[in-house]
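*Asks:*
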Amino acid sequence: MSILNFDNQTLIKLGHLTGSVHFHFLGFIISLDDCSIVDTLNPYAQTLSDELAVKLIAPMLNHYTLSKPTALTGNLVKFRDLPGGYAYEGAFINRAIKPLEWHFNENPFLLSKAAELLGGQRLNIGDDSTEILVLDGISLTFILYGSDEFGASVNILYDKSAVKCLPTEDLAVLGELVTLRLIDAKHWYLQQLV
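Using this note's numbering, the first residue of the sequence shown is number 228, and each one after it goes up by one.
Below is the structure:
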């Protein structure tokens with residue numbers, strides 16, 4: 228268990244936005260009572276230390292409380308099509324997309340299985356796909372195409388409503404964070420099969 232650093236105003240807003248003092252966030256349980264964050268994928272979480280989780284999640288949730296989340300639009304866009312996204316596209320591909328291609332190349336069906344542990348819903352696009360509602364107004368869709376000859380390719384699409392909830396820089400970090408959590412969830416899922 229780790230502690231997130233939130234002021235009282237942020238705690239009140241998060242409680243209002245999430246509708247709960249205990250909420251699930253990408254395989255973590257966050258308690259607004261004591262600002263604790265517990266990783267439900269432990270001991271199989273290999274890619275994200277508690278310290279890194281705190282450094283990534285606390286600022287993102289702070290920024291989220293400054294927004295007015297809106298309903299999902301159903302209009303999906305690539306990261307590069309978000310405001311200013313083209314400037315971060317290379318880093319986003321290397322940090323969010325390439326690791327998914329590598330980790331799910333041999334077993335594409337594991338993508339949706341891993342995503343279920345993060346609240347994801349399987350879709351029928353590509354060889355495997357899933358939509359993860361991260362927070363109200365922010366969903367990410369992951370589409371994987373497997374290829375024996377060329378390896379897997381992954382697309383990550385954001386619902387266009389996400390730009391009303393977080394700045395593009397935070398959405399880049401979020402894409403990377405969800406990627407890390409999907410990899411951890413894959414490890415957790417595979418351990419349950421043993």
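Glycine residues also receive a C-beta, built at the ideal position from the N, C-alpha and C atoms. The structure displayed is predicted, hence computed values, not measured ones.
Between which two residues does the alpha helix (DSSP H) containing residue 235 stretch?
*Replies:* 235-245
*Asks:* Cα separation between residue 408 and residue 254?
*Replies:* Cα to Cα, the separation comes out at about 7 Å.
*Asks:* In chain order, what residues of the same chain have a beta carbon less than 6 Å from the beta carbon of residue 322, not counting five sequence neighbours either side?
*Replies:* Closer than 6 Å at Cβ, skipping near neighbours: 403.
*Asks:* Determine the closest residue to residue 386 out of 308, 400 and 338, with distance taken between C-alpha atoms.
*Replies:* 308
*Asks:* If I follow the unbroken beta strand (DSSP E) through residue 359, where does it start and stop?
*Replies:* For residue 359, the enclosing beta strand (DSSP E) stretches over residues 355-362.
*Asks:* What does the alpha-carbon distance come out to for the pair residue 354 and residue 378?
*Replies:* 12 Å
*Asks:* Throw me the rounded Cβ distance for the residue 310 and residue 395 pair, which I believe falls under 8 Å.
*Replies:* With 8 Å as the limit, residue 310 and residue 395 qualify as a contact, their Cβ atoms being about 5 Å apart.
*Asks:* Please classify residue 336 as buried or exposed, where buried requires at least 16 other C-beta atoms within 10 Å of its C-beta.
*Replies:* Exposed, because fewer than 16 other Cβ atoms sit within 10 Å of the Cβ of residue 336.
*Asks:* Going by CA-CA distance only, name the one from 362, 266, 357 and 361 that's closest to residue 371.
*Replies:* 357
*Asks:* In this structure, how does DSSP classify residue 368 when only helix, strand and coil are distinguished?
*Replies:* strand
*Asks:* What residue does the beta strand (DSSP E) around residue 339 start on, and which one ends it?
*Replies:* Per DSSP, residue 339 belongs to no beta strand (DSSP E); it is in the alpha helix (DSSP H), 337-343.
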